[in-house]
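Below: one structure, written as structure tokens.
And the structure:
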């Protein structure tokens, strides 16, 4: 009998070697050589490297030649000059109705800098009417002024994106069929957003469709750009939100066009980051943005975990709090857990668990979500872990479980995320929201 797992591993290895061979031509390797420094010397250097490694040979840069990015502009005024900053938002199809808080916060904090900024919303063709209705109702002034552009991938761009193989779909296959369809649609609009944005601005800030701007951010970005004007950096990081030079986004765009259709977006960004020295991401401690959380009642509860927190800014309490923040842990071992124990047992109608980064990094696969009743012993207010009911297996980044009053046969004392196998990657749990049954 053929060993399919072994054959799959061989095929993946061959694919990786083939990709590396295509991407790393002799010319590309010569460009990437900065000096005779050793790797350790580069890592120990206190200053950003004065080189700009090219990870795509010239023969690959022609993929998007002849594709007119202007044809993708469906709402907004064309511009005749590059602006300082593009704020790019790619909207997941299932989040189109929820984009208003993100746009409201961005508009509020860029009004004084409107001449230097364009907010670019990338959306699937099917949802353009919904976005237009939202903009007409709440952001007509910003559309008229040219602050907001809405773009959608053209048929010409999709043809380029669709004819290239995936960069290994082993990660893609971990998702459900429904989420795979959503991810393919998202990759089209994400890729076109990169392609469009780097051509209309000198710098690009990518935010998710759940991002909230907390303060006026353009002046801070300008200060950081000016401060590092003589350094060739990969990105300027503002608390996990990165500002990229347009030259970096151009390379992202080319790589996305080659391999992005059936890959998690994080693979594309991780590949580029792996080709750069870690010293080339320049961090700012300024908290300019946060992630919007679902509004729910969040009954009183105690949150605990056996996992090791990465740092004190991302503790386990964040995942059940209305305040901005998320839980970020080291790689889980088998039987590790996160548990939310309610003060009083409750009847649940819905649970929403959001995991991973905005680009689908650090998702807690190999885990299950359990609902457990209260122990029946007198004066015992703890969970009965022997009578838990499995509600979901993790894999997709979002678990949205509804109509639980028809599924659960008992009031819930605690919710428990239990890891069934050891993971190699860190884990992010952004939010756990619950709704009670009436």
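Numbering (this note's numbering), first residue to last: 3 to 440.
Note that the Cβ used here is the ideal one computed from N, Cα and C, for glycine as well.
These numbers were taken from a predicted model, which means no experiment stands behind them.
query, result
"Which listed residue (120, 332, 400, 359) has its alpha carbon closest to that of residue 269", "359"
"Where residue 349 falls, given that 16 or more other Cβ within 10 Å makes a residue buried", "exposed"
"Buried versus exposed, by CB contacts within 10 Å (16 or more), residue 139", "exposed"
"Beta-carbon proximity list for residue 243, same chain, < 8 Å, skipping 5 on both sides", "207, 208, 209, 213, 290, 291"
"Residue 2 burial status per 10 Å Cβ neighbour count (16 or more: buried)", "Residue 2 is absent from the structure shown; the chain starts at 3 and stops at 440."
"Terminal residues of the beta strand (DSSP E) in which residue 149 lies", "Element bounds for residue 149: n/a, residue is neither H nor E."
"Given residue 115 as reference, the closest of 137, 364, 218 once Cα atoms are compared", "218"
"Residue 205 to residue 377 span [Cα, whole Å]", "57 Å"
"Through-space distance from residue 186 to residue 106, alpha-carbon basis", "28 Å"
"Residue 186, DSSP secondary structure in three states", "helix"
"Paired residues, beta bridge with residue 329 - DSSP", "431"
"Residue 61 versus residue 260 - alpha carbon distance", "Because residue 61 sits at a pLDDT of 47, beneath the cut-off of 50, its placement in the model cannot be relied upon, and the point is left open."
"Contiguous beta strand (DSSP E) assignments of at least 3 residues, all confined to the stretch 182 to 240", "203 to 209, 213 to 215, 237 to 240"
"Residue 309 versus residue 81: straight-line alpha-carbon distance, rounded", "50 Å"
"Per-residue DSSP class, three states only, for residue 379", "coil"
"Cross-strand partners of residue 439 (DSSP beta bridge)", "Looking at the DSSP assignment, residue 439 forms no beta bridge with any residue, so it has no partner."
"Cβ separation of residue 74 and residue 153, assumed to be a contact under 8 Å, to the nearest whole Å", "4 Å"
"Length of the line joining the Cα atoms of residue 371 and residue 341", "10 Å"
"Cut-off 7 Å between Cβ atoms - residues of its own chain near residue 160, not counting five sequence neighbours on either side", "190"
"Whole-number beta carbon distance between residue 373 and residue 391, since they are thought to touch under 8 Å", "5 Å"
"Own chain partners of residue 130 with C-beta closer than 8 Å, once the 5 adjacent residues on each side are dropped", "76, 77, 152, 154"
"N- and C-terminal bounds of the alpha helix (DSSP H) containing residue 259", "248 to 261"
"Beta-carbon separation (whole angstroms), residue 431 vs residue 357, contact threshold 8 Å", "5 Å"
"Beta strand (DSSP E) segments (min. 3 residues) lying fully within the stretch 371 to 424", "391 to 395, 400 to 404, 414 to 421"
"Chain-order list of residues whose beta-carbon lies under 8 Å from that of residue 101 (same chain, five-residue window excluded)", "91, 93, 123, 133, 136, 211"
"Exposure label - residue 128; buried when at least 16 CB within 10 Å", "exposed"
"For residue 102, the first and last residue of its enclosing alpha helix (DSSP H)", "102 to 112"
"Stretch-stretch touch, CB-based, cutoff 8 Å, three pairs: the stretch 294 to 303 with the stretch 328 to 346", "yes"
"Contacting residues, own chain, Cβ-Cβ under 6 Å from residue 389 (five flanking each side not counted)", "375"
"Proximity winner among 354, 317, 404, 426, relative to residue 366 (alpha-carbon distances)", "426"
"Per DSSP, cross-strand counterpart(s) of residue 72", "Beta-bridge pairing links residue 72 to no other residue."
"Chain-order list of residues whose beta-carbon lies under 7 Å from that of residue 108 (same chain, five-residue window excluded)", "89, 121, 215"
"Separation of residue 264 from residue 9, as counted between CA atoms", "Because the pLDDT at residue 9 is just 47, under 50, the model does not fix this residue reliably, and the value given afterwards should be weighed accordingly. Computed Cα separation, rounded: 21 Å."
"DSSP state of residue 40 mapped onto helix, strand, coil", "Only weak support exists for where residue 40 lies, its pLDDT of 33 falling under 50; the value from the coordinates is given anyway. Note: residue 40 maps to coil in three-state DSSP."
"Residue 126, enclosing alpha helix (DSSP H) - first and last residue", "First-last for residue 126: undefined, no H or E at that position."
"Distance CB(residue 254)-CB(residue 71) smaller than 7 Å", "no"
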